[in-house]
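Under this note's numbering, the first residue of the sequence shown carries the number 840, and numbering increases by one thereafter.
All C-beta atoms, glycine included, are put in the ideal place defined by N, C-alpha and C.
Keep in mind that this is a model prediction, so the values were computed, not measured.
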Amino acid sequence: MPRSLLPHTPTSKALLVLLAAFLPVSATAAKLGSLTVQPRPVGDLKAVFATVESVRETLARTRIGGTVADLTVTEGDKVPLGQVIATVRDPKLPLQLAALDARIQAPRRWRAVLFGPFRSTLLTVLVIPAIYIVLRGDAADRRDRSNLQG
840 MPRSLLPHTP
850 TSKALLVLLA
860 AFLPVSATAA
870 KLGSLTVQPR
880 PVGDLKAVFA
890 TVESVRETLA
900 RTRIGGTVAD
910 LTVTEGDKVP
920 LGQVIATVRD
930 PKLPLQLAAL
940 DARIQAPRRW
950 RAVLFGPFRS
960 TLLTVLVIPA
970 IYIVLRGDAA
980 DRRDRSNLQG
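Here's what the structure looks like:
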């Protein structure tokens with residue numbers, strides 16, 4: 840039993856009638872003359888899901904603590920060499936800088952005190968009592984030795 844290519848439904852019958860109606864029109868157009876064929880762009884767009892990633896990617900890091908206070912570029916911007924991208928601020932950094940400045944200034948201040956106009960007063964207040972303490976300690980050591988030998 841031969842099988843037909845199209846099932847016998849009302850839709851397939853309507854399709855056959857429509858094809859039969861257009862067949863004489865296409866044959867007439869072919870007999871009339873020329874047919875112009877020219878290239879034209881055809882949109883080949885498909886709906887797909889994808890992730891677009893950059894070929895070149897560089898991580899921006901800082902070696903200091905803090906938070907980004909100012910961001911001067913947005914994602915996708917081209918950045919020339921040396922351009923400031925972001926500003927990082929840490930409220931503890933000014934305190935650390937002040938502490939370091941104080942450590943730098945301390946020896947200078949001591950030098951000014953030791954060799955400044957109050958040099959003789961400084962000797963009286965600091966050096967002479969230190970000599971007294973050392974001498975008193977030596978005397979106590981001698982006394983302890985004599986008690987042990989005794």
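Between I924 and A899, the CB-CB gap stays under 8 Å. Secondary structure note for A925: its beta strand (DSSP E) is the uninterrupted segment 925-928. The continuous beta strand (DSSP E) containing D909 extends over residues 906-910. DSSP, reduced to helix, strand and coil, places V856 within a helical segment of the structure shown. One thing to note: I903 has its Cβ within 8 Å of the Cβ of V927. Residue nearest to V912 within the set T906, Q922, G905 is Q922 (criterion: CA-CA distance). Contact annotation: G905 and D940 have beta-carbon atoms that are not nearer than 8 Å. Of V856, A853, L932, L920, the smallest CA-CA separation from T897 is found for L920.
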